[in-house]
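A.B. asks: Quick note on the numbering used here: the sequence shown kicks off at 341 and runs consecutively.
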Amino acid sequence: MAEADRQGLFDALAAGVPLGRLGEPEEIGRTVVFLASDESSFINAAEIYVDGGLAQI
């Protein structure tokens, strides 16, 4: 895929996300680290969406 086509695809995907951008791998990683830590010890059976608000549409 040409770079221009790839960028166009990313831009189109980002336009559909309420925050207006795609997520970064680090944002997913920070969520995983939080859930694996003692800081989340009182969380039970929760769905946590790391999707820039896309699930709210």
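Even glycine gets a Cβ: it sits at the ideal position worked out from N, Cα and C.
(1) According to DSSP, is Phe382 part of a helix, a strand, or is it coil?
(2) Does DSSP classify Gly369 as helix, strand or coil?
(3) For Leu394 versus Pro365, is the C-beta distance shorter than 9 angstroms?
(4) By the three-class DSSP mapping on this structure, what secondary structure does Glu343 have?
C.D. replies: In terms of the structure at hand:
(1) Your numbering for residue 382 matches position 42 in the sequence shown. The three-state secondary structure of Phe382, taken from DSSP, is coil.
(2) Counted from its first residue, the sequence shown places residue 369 at position 29. Three-state DSSP puts Gly369 in a helix.
(3) Your numbering for residue 394 matches position 54 in the sequence shown. Your numbering for residue 365 matches position 25 in the sequence shown. Result no, Cβ atoms of Leu394 and Pro365 do not sit closer than 9 angstroms.
(4) The residue labelled residue 343 in the question sits at position 3 within the sequence shown. Look at Glu343 here: in three-state DSSP terms it is helix.
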